[in-house]
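Data first, discussion second: the structure below is written as structure tokens.
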Amino acid sequence: MKRHVRPGLTLRKIGAAEDGALRALFYETVHIVCAADYTAEELDAWAPRDYDCAAWGRTLRARCTLAAEAAGVLAGFGNIGPDGYLDLLYVGRAFQGRGVGTALCDALEGLYDVPRVTVCASRTARPFFAGRGYRLVRAQQVERRGVTLENFVMEKEL
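Residues in the sequence shown are numbered consecutively from 4, following the working numbering.
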């Protein structure tokens, strides 16, 4: 699957050789884009510099993961499972506010015939999802590497 969603932006399924590039984008997005909403300790727990490569690969392949490319550069990625759980959605800092997250979400939400999509949104991502019609189900505390982080269970009826 390779789909041009607008001039200069293409969505496609990821390849196994991209795990490192996707991880780098994830790390940068968490530590830079989310820095205003979480402490340094929380960011390090969420996206540590050292990570388990095999576990990261399993996370990417446990659901359908799409990558967004802008002029041939990795701009973002996201994934969703057949149960409608949108697990990952990250857009690189250079591509924030340029429709990459919207294009990824549009494609991911349409992949499976499910009545609703559920996401655990960060403080940073919560306004994005609310703007797309996701409603807040509850705030929750999750533990990552011994550190408690706040995120928000949100869902959208399709």
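Glycine included, every Cβ here is placed at the ideal spot set by N, Cα and C.
The Cβ atoms of L25 and H34 lie no closer than 8 Å to each other. When the beta-carbon positions are compared, R96 and D40 stay at least 8 Å from each other.
Approximately 5 Å separates the beta-carbon atoms of V8 and A106; this is inside 8 Å, confirming the contact. Residue F80 holds the alpha-carbon nearest to the alpha-carbon of L28 among F80, R148, L89 and G100. Here V120 really is in contact with E158; their C-beta atoms are around 7 Å apart, less than 8 Å. Rounded to the nearest angstrom, the Cβ distance from R15 to L89 is 18 Å, too far for a contact under 8 Å.
Nearest Cα to E146 within the set W59, G100, A78 and A50: A50. Per DSSP, reduced to three states, the secondary structure at L139 is strand. Contact between D109 and W59 does not hold, since their C-beta atoms are separated by about 25 Å, which reaches or exceeds 8 Å. In chain order, R9 and L12 place their CB closer than 8 Å to the CB of G102, counting only its own chain and leaving out the 5 sequence neighbours on each side. One thing to note: L92 has its Cβ within 8 Å of the Cβ of G104.
Judged by DSSP secondary structure, A24 falls within the alpha helix (DSSP H) whose first and last residues are D22 to E31. Between F98 and A124, the C-beta gap is not smaller than 8 Å, which leaves the two residues out of contact.
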